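A.B. asks: Before anything else, here's the structure in question.
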Amino acid sequence: MSRRQDAHSDQVALSGWQRLSPWAVVLLLISAGATLVRQHMPLLLGAGAGLAMVERFGLRELALGGVLLLLVAGLLSLLYYRRFRFRLDDDVLIVQKGLFEHREFKVAAHHVQHIAAHQPAYMRPFGLVLWEVETLAGEASSIQLPGIRRDTAEALGQGLRGADIAAEENAPSFGVNGRTGAGQAVVRFAISPGALVLHGLTSRSIYVIAAMLSPLIRPLERWIHDSLPQLDLQAWLPESTLLAIGLGVLGLVAVLALLAVLAAWWRFHGYVLRDDGDRQVQVSGLFARQEQALSLSRLQVVEWVQTGLGRLLGRGYLVCHQFGAVGGGGAAESRRFVVPGLSTEQGRELTAVLWPGLSMVQPLARVDVIYRRVVLLRLLLGSSLLLLAVLGMVGPSGLHAAAWGAAAATLLVISVGVAQLRWMAMGWAKEGEHMRIRQGLWGQRTSIFPLQNLVSVGIQQSWLQRRRGVVTLQLDLANGRLSLPYLPEQVAWALANRLLASVEVGQAA
Amino acid sequence: MTFDNPSLDPEGLPKVEHAPLTPVSRRLAPCQAVLRLIHWAFIVVVAWVFPVQHELLAEWQPWLAAAVAGLGVIIIAMGWVEARGRGYGLREHDLIYRRGLLVRRTQVLPLVRLQHVETLSNPVERAFGLVRLACFTAGGRGADLLLEGLSAERAEAVKRHLLTRLEALPSAISPKPDTP
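For the protein sequence lines, the chains are A and B, in the order given.
Everything in the first sequence is counted per this note's numbering, starting at 214 for the first residue and increasing by one.
Everything in the second sequence is counted per this note's numbering, starting at 10 for the first residue and increasing by one.
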């Protein structure tokens, strides 16, 4: 039976109203209850508020109240289960839900840009998944079916891709970069344990974890302040203060690195990327299995990301952007279609799969050298202000003249180095119908996109830039804005005209 | 999926930099001046009447307020000149908007990217008969191009033209709207 026939039979089965799995509602109730308890635990246990409540109302009354609350929650869950229903009307997904306010959502297949299925560990024994669909409006538009059977999820996915499958089967298959015809999934990338560890070490999650743990600093400080006098630290701490501080920093970095590796294992364990014709499907996750499908026709920008350590170790990862994934930083990035733990060569090969016809052999051109001068001037201004602030705090006699000189010289050398690195890192290349833009300093991000995926273009010119005949080219893409500062005026205008022409030609094609 | 790679002659491409731009309404400058005047008047009043304990500072407070007022006057004057220099261009395939005095910015929005159009106006703008035209693209969080300083009639005409173009365009990423 062909894929089109499969899709058709599934579609027929889903044309009637479907409900969530009853197990899913029970599991949702338990997980919501656990979240509620977790959130209010500090309030109940902290400062004896829970005990005060027991004394005020009595244990039996509180238990009765709890049972009553549980009953209400059960009834509401039952109502939620009854109200929540969905069906496929041809290639339109219709979802009706709402406890007190009835809402109906309609998602047409040609609006869908992203489908994902998550399987938390507690849903695995029941064969249920959290199914999610996102339209061109972006992440804010996503609709979730929180607990349906895996085969229903697959049928829904196929139903919403019915039109694409038909188009794909009619179109001749082509073998660019080893791509096969429709119906034959090819494993493009499977992560090895070593690559997973390296990804943990070289991804940005180490910074995300550090930011997440930062609220613990004050309690830890208080605990150390209270407990340190009782501990006999002299016995095992090194005598040198500098050595002790160094070891402390090293220990902290080691803990963060370990947590980052564990986070990578949690999220990307068993990662497999399959090429399924017009779609790339990835499956990963240690406890919570996650399956994401990326339609190549909806792909807008591919980003090759390397942190500083990643560049040293020759490792990086790809982030595939669609519409509506604007900003969000490292935490939001983890929700996107990420291909982790790639070597530079693997990254290059996969990019060529995602953007057929791109070879990435053309070297990146640098922006005008004035950019380096401007960055240096800004850094020197910042350094001068820093020195003035220190001068204001300690006074001119606070430090020896030689120390002031050394500080100024150090800041000057750092500024020159940073300006040079910033200028060297900023690069761009137009290669056929694609464009590459690299930005960064120590860590670097290279955005790769077809010219026709541009959303809008801006040319900005300050009075200083007008005198020098340079401009800043701003490219608005589906995932945000990219800037190419200090491009020669003629080059920027020619590039803008070329990009605009490509958008119109691409649309007409 | 088909893959084609049409060639374009770089010399023959239409040039955005040479596209003729239409100046925005002359009423934009006084409208912006009034809006900025309200803003700066508030700041000047705060700078003047804010209770200051320090004697020396209290002595200099009126001068500080005068300095703030002077700064406000300069900014309003620059805003006036800037508003007079703004322009927009409507080509067959894109919309161009140029603004800025010290930092000049030209933004071009291809019409194929347009998802919907909105017109907005506050009471001061309405008093001057002006309307803002906000153009939105797919997946964006806000307006991707905000065209300020159009008269109500002109804004309506531009909006109608954009909507006509929107309907005529193929639906690759501007599909027909869903009914909720």
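Note that CB positions come from ideal geometry on N, CA and C, so glycine has one too.
Quick caveat: nothing in here was measured; it's all calculated off a predicted structure.
Residues in its own chain within less than 6 Å of residue 360(A) by CB, not counting five upstream and five downstream?
C.D. replies: Closer than 6 Å at the Cβ level, and outside the excluded window around residue 360(A), lie 233, 234, 237 and 341.
A.B. asks: List the residues of chain B that residue 716(A) touches, going by C-beta distances under 9 Å, in chain order.
C.D. replies: Near residue 716(A) (Cβ distances below 9 Å), the residues of chain B are 102, 103, 119, 121 and 122.
A.B. asks: Is there a C-beta anywhere in chain B that falls below 8 Å from the one on residue 672(A)?
C.D. replies: Judged by the 8 Å Cβ criterion, residue 672(A) is in contact with chain B.
A.B. asks: Tell me which residues share the same chain as residue 318(A) and place their Cβ nearer than 6 Å to its Cβ, disregarding the 5 neighbours each side in the sequence.
C.D. replies: Excluding positions up to five away in sequence, the list reads 308 and 356.
A.B. asks: Mind listing the chain A neighbours of residue 173(B)? Cutoff is C-beta to C-beta under 7 Å, in chain order.
C.D. replies: Those within 7 Å of residue 173(B) in chain A number zero; the least Cβ separation is about 16 Å.
A.B. asks: Does the Cβ of residue 271(A) have 16 or more other Cβ atoms within 10 Å, making it buried, or fewer, making it exposed?
C.D. replies: Looking at its Cβ environment, which holds fewer than 16 other Cβ atoms inside 10 Å, residue 271(A) is exposed.
A.B. asks: Distance check for residue 114(B) and residue 648(A), CA to CA, integer angstroms please.
C.D. replies: Straight-line Cα distance between these residues: approximately 22 Å.
A.B. asks: When the Cα of residue 703(A) is compared with those of 684(A), 469(A) and 595(A), which residue comes out closest?
C.D. replies: That would be 684(A), whose Cα lies nearest to the Cα of residue 703(A).
A.B. asks: With DSSP as the reference, identify every bridge partner of residue 672(A), one or two as the case may be.
C.D. replies: Per DSSP, 686(A) and 115(B).
A.B. asks: Ignoring anything shorter than 4 residues or poking outside the segment 55-108 of chain B, list the alpha helix (DSSP H) runs there in chain order.
C.D. replies: Listed in chain order, they are 64-94.
A.B. asks: How is residue 465(A) classed by DSSP in three states: helix, strand or coil?
C.D. replies: It is helical.
A.B. asks: Name the residue from 410(A), 464(A) and 511(A) whose alpha carbon lies nearest to the alpha carbon of residue 479(A).
C.D. replies: Considering only alpha carbons, the answer is 410(A).
A.B. asks: Starting from residue 530(A), trace the beta strand (DSSP E) both ways and give me its first and last residue.
C.D. replies: Here the beta strand (DSSP E) through residue 530(A) covers 528-534.
A.B. asks: My output table needs one value for residue 400(A): the three-state DSSP class, helix, strand or coil.
C.D. replies: Three-state DSSP puts residue 400(A) in a strand.
A.B. asks: Where do the N-terminal and C-terminal ends of the alpha helix (DSSP H) with residue 317(A) fall, by residue?
C.D. replies: Element bounds for residue 317(A): not the alpha helix (DSSP H) but the beta strand (DSSP E), 316-321.
A.B. asks: Using a Cβ-Cβ cut-off of 7 Å (strictly less than) and excluding sequence neighbours within five positions of residue 589(A), which residues of its own chain qualify?
C.D. replies: For residue 589(A), where only same-chain residues beyond five positions count, the Cβ hits under 7 Å are 628, 629 and 632.
A.B. asks: Specify, as a first and last residue, the run of the beta strand (DSSP E) that residue 331(A) falls within.
C.D. replies: Residues 325-332.
A.B. asks: Classify residue 119(B): buried if its beta carbon has 16 or more other beta carbons within 10 angstroms, exposed otherwise.
C.D. replies: Buried: at least 16 other Cβ atoms inside 10 Å.
A.B. asks: Residues in its own chain within less than 6 Å of residue 78(B) by CB, not counting five upstream and five downstream?
C.D. replies: So the list reads 53, once near-sequence residues are dropped.
A.B. asks: On the premise that residue 686(A) lies in contact with residue 705(A), defined as a C-beta separation below 8 Å, what is that separation, rounded to the nearest angstrom?
C.D. replies: Their Cβ separation, rounded to whole angstroms, is 5 Å, which keeps residue 705(A) and residue 686(A) in contact under 8 Å.
A.B. asks: Residue 26(B) touches chain A at which residues, Cβ-Cβ below 7 Å?
C.D. replies: Under the 7 Å cutoff, chain A gives 706.
A.B. asks: Ordered along the chain, which non-local residues of its own chain (more than five positions away) have a Cβ less than 7 Å from that of residue 560(A)?
C.D. replies: Only 517, 529 and 531 meet the Cβ criterion.
A.B. asks: Tell me where the beta strand (DSSP E) around residue 488(A) begins and ends.
C.D. replies: That run of the beta strand (DSSP E) goes 485-489.
A.B. asks: What do you get for residue 453(A), buried or exposed, if any count of 16 or more other CB atoms within 10 angstroms of its CB means buried?
C.D. replies: So residue 453(A) counts as exposed.
A.B. asks: Quick one: what does DSSP say residue 517(A) is sitting in, helix, strand or coil?
C.D. replies: The answer is strand: DSSP assigns residue 517(A) an E or B state.
A.B. asks: For residue 466(A), is the classification buried or exposed, using 16 other Cβ atoms within 10 angstroms of its Cβ as the cut-off for buried?
C.D. replies: Exposed, by the Cβ-count rule.
A.B. asks: Is there a C-beta anywhere in chain A that falls below 8 Å from the one on residue 29(B)?
C.D. replies: So, not an interface residue.
A.B. asks: Between the segment 421-435 of chain A and the segment 578-585 of chain A, do at least 3 Cβ pairs fall closer than 8 Å?
C.D. replies: Not touching, per the Cβ criterion.
A.B. asks: Going along the chain, which residues of its own chain have a beta-carbon closer than 6 Å to the beta-carbon of residue 495(A), five neighbours each way excluded?
C.D. replies: Closer than 6 Å at Cβ, skipping near neighbours: 486 and 505.
A.B. asks: Residues in the same chain with beta-carbon distance under 7 Å from residue 621(A), minus the five sequence neighbours each way, listed in chain order, please.
C.D. replies: Same-chain partners within the cutoff: 600.
A.B. asks: With a Cβ-Cβ cutoff of 8 Å, do residue 147(B) and residue 349(A) count as a contact?
C.D. replies: Yes; because the gap between Cβ atoms is below 8 Å, this pair is in contact.
A.B. asks: Taking the straight line between their C-alpha atoms, what separation do you get for residue 177(B) and residue 695(A)?
C.D. replies: Distance between the alpha carbons of residue 177(B) and residue 695(A) is about 30 Å.
A.B. asks: Round the Cβ separation of residue 661(A) and residue 551(A) to the nearest angstrom and send it over; I've been treating them as touching at under 8 Å.
C.D. replies: That belief does not hold up - the Cβ atoms of residue 661(A) and residue 551(A) are roughly 15 Å apart, past 8 Å.
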